[in-house]
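Student: In full-length UniProt numbering, the protein residues as written are 1 to 451.
We put the beta carbon where it would ideally sit given N, CA and C, even for glycine.
Fair warning: this is a prediction, and the values are worked out from it, not measured in the lab.
I am attaching a structure below and will ask some questions about it afterwards.
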């Protein structure tokens, strides 16, 4: 895993228009869940287009550790022979999730209501991230937890022998917390209910229904989503085709908008309504973005996205939109650097507890490259149109999205932009550099220049 390897500085510089028709890797959220639900089903699940990133492969290793058989064939399709709910084996060693926040939190949910013990570890970045938001509701369901101060990794859990169903109001807009509670509820008798005041990505609900779970989603009088799951179903295996990750698509979308003369089409991208906040925002900023060939794939809407270089204008991004684009704010900040006027982004408190303090990391990266910005407690304002952008080195803090966002900045900046470690990109987008090179971008390994 890259979290244990030597840093690899990368430098991006302007090299002319980006052109081409591309596909980004499979959606990370769906890939994690496909492996988990396939492992919990009884029978044979197939998954095409699985994202083969370090995060997702860590989830595959965790599912194998409790008894699932997971193999890839010569065509790249993954085959999962599930073990069924209630039949998880106790893992023999620690479960290492590297940098995978989604993987570890959702797996804690699954293990937390099975009568097994497990210990979870991660890299330096993941070990700083809060796990209490997941562990607290699991404790209410009967899970025993031993964790480092502040409920951080390493952490050991003992699943409940007689798990209790739970009614839980999610205290922050987090699909990971919601999903962890629902996955814990799978092996608890009775009805587990999650109340979600602010909607977040709903892949867990959709995929559980597809695997045969008894799950319903309604709105209460306050307009909150109420998700009810009947525990201890027999999940049925599925044949899945994972669409392109919209978070990964955000990087070529932004790059095509800000590099003059660019014209790029990204095929087969997930268009789930809870994942398209970046596209909506960039269109409001004046971006020439066209959605083509909308269609259904495995219960999710997908489509092709054509993007052409555009003159953007600064806007205020509604805070309520944050849950639908929380991972895309670093890329949006780069787009804002080339927009006319100020772009104000409020409601970003969740960025403080991502792979890094992303809000601070983005602000420092912008400042290092001559881009005016103001970092608030939960907001960021970026002033576009600065002269002589670039010539800075960005500290990534082991955060893949910081690395990719600022490499995109370098493609349109007046001077090259360097990130201190490009190895972390393998966390979610292993083909990033080769895909951009195919479109005409200039990204070089600058480790030999670091001295």
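1) Counting only runs of 3+ residues fully inside the region 199 to 235, write out the beta strand (DSSP E) ranges in chain order.
2) Are residue 132 and residue 192 closer than 9 Å when you measure CB to CB?
3) Taking only the alpha-carbon atoms, compute the straight-line gap between residue 85 and residue 36 and give it to the nearest angstrom.
4) Specify, as a first and last residue, the run of the beta strand (DSSP E) that residue 345 falls within.
5) Tell me, to the nearest whole angstrom, how far the beta carbon of residue 419 is from that of residue 396; I am working on the premise that it is less than 8 Å.
6) Considering just the uninterrupted stretch of the beta strand (DSSP E) at residue 120, what are its terminal residues?
7) Do you know offhand how far residue 265's Cα is from residue 76's?
8) Residue 413 and residue 389 look like a contact to me (Cβ under 8 Å); what is the Cβ gap, rounded to whole Å?
9) Suppose only complete runs of 3+ residues qualify. What are the beta strand (DSSP E) ranges in the region 339 to 386, listed by chain order?
10) DSSP on residue 179, reduced to helix/strand/coil?
11) Among 140, 102, 177, which residue has its Cα nearest to the Cα of residue 122?
12) Taking all protein chains shown into account, do 16 or more other C-beta atoms lie within 10 angstroms of the C-beta of residue 487, making it buried, or fewer, making it exposed?
13) Here's a check: name, in chain order, each residue in its chain whose Cβ is nearer than 6 Å to the Cβ of residue 1, leaving out the five neighbours to either side.
14) Taking Cβ positions, are residue 79 and residue 46 nearer each other than 9 Å?
15) Can you check which of these residues, 227, 268, 222, 9, is closest to residue 203 by C-alpha distance?
16) Excluding the 5 residues flanking residue 208 on each side, which residues of the same chain have their C-beta closer than 6 Å to its C-beta?
17) If distances are taken between C-alpha atoms only, which option among 126, 130, 224 comes closest to residue 168?
18) Using the three-state DSSP reduction, which class does residue 3 fall into: helix, strand or coil?
19) Among the residues of its own chain, which have a CB less than 7 Å from the CB of residue 198, if the five just before and after it don't count?
20) Assign residue 128 to one of three DSSP states: helix, strand, or coil.
21) Can you confirm whether the region 343 to 357 touches the region 288 to 300 when touching is taken to mean that 3 or more C-beta pairs between the two stretches lie within less than 8 Å?
22) Taking all protein chains shown into account, do 16 or more other C-beta atoms lie within 10 angstroms of the C-beta of residue 25, making it buried, or fewer, making it exposed?
23) Looking at C-alpha atoms only, which residue of 274, 15, 402, 319 is the closest neighbour of residue 333?
24) How would you label residue 222, buried or exposed, when you count the other beta carbons within 10 angstroms and need 16 or more for buried?
25) Residues bridged to residue 158 by DSSP?
26) Could you tell me the alpha carbon to alpha carbon distance between residue 450 and residue 74, rounded to whole angstroms?
27) Apart from the five residues on each side of it in sequence, which residues of its chain come closer than 7 Å, Cβ to Cβ, to residue 187?
28) Going by beta-carbon coordinates alone, are residue 111 and residue 177 separated by less than 9 Å?
29) What span of residues does the beta strand (DSSP E) with residue 303 cover, start to end?
30) Output yes or no for whether 9 Å exceeds the beta carbon distance between residue 315 and residue 284.
31) Return the CA-CA distance between residue 434 and residue 307, expressed in angstroms with no decimal places.
32) Check each candidate in 145, 165, 11 and name the one with the smallest Cα separation from residue 190.
33) Three-state secondary structure (DSSP) at residue 94?
34) With 16 other CB atoms within 10 Å as the buried threshold, where does residue 149 fall?
35) Going by C-alpha distance, which of 353, 126, 64, 411 is nearest residue 262?
36) For residue 218, is the classification buried or exposed, using 16 other Cβ atoms within 10 angstroms of its Cβ as the cut-off for buried?
Tutor: According to the structure data:
1) 215 to 219, 225 to 230
2) no
3) 11 Å
4) 342 to 345
5) 5 Å
6) 117 to 121
7) 24 Å
8) 4 Å
9) 342 to 345, 373 to 375, 380 to 383
10) helix
11) 102
12) For the chain, the structure presents residues 1 to 451; residue 487 sits outside this window and is missing.
13) For residue 1, the predicted structure reports a pLDDT of 42, less than 50, and the residue's modelled location is therefore unreliable. A value from the coordinates is still provided. Cβ neighbours of residue 1 beyond the five flanking positions: 54, 98.
14) yes
15) 227
16) 215
17) 224
18) Model confidence at residue 3 stands at a pLDDT of 47, short of 50, so the residue's coordinates are unreliable; what they give is reported in the following sentence. The answer is helix: DSSP assigns residue 3 an H, G or I state.
19) 173, 323
20) helix
21) no
22) buried
23) 402
24) exposed
25) 117, 144
26) Confidence in residue 450 is poor, its pLDDT being 44 and thus under 50, which makes the residue's placement unreliable; the coordinate value appears in the next sentence. Taking the straight line joining both Cα atoms gives about 40 Å.
27) 85, 86, 113, 114, 163, 231, 232
28) no
29) 300 to 308
30) yes
31) 19 Å
32) 165
33) coil
34) exposed
35) 411
36) exposed
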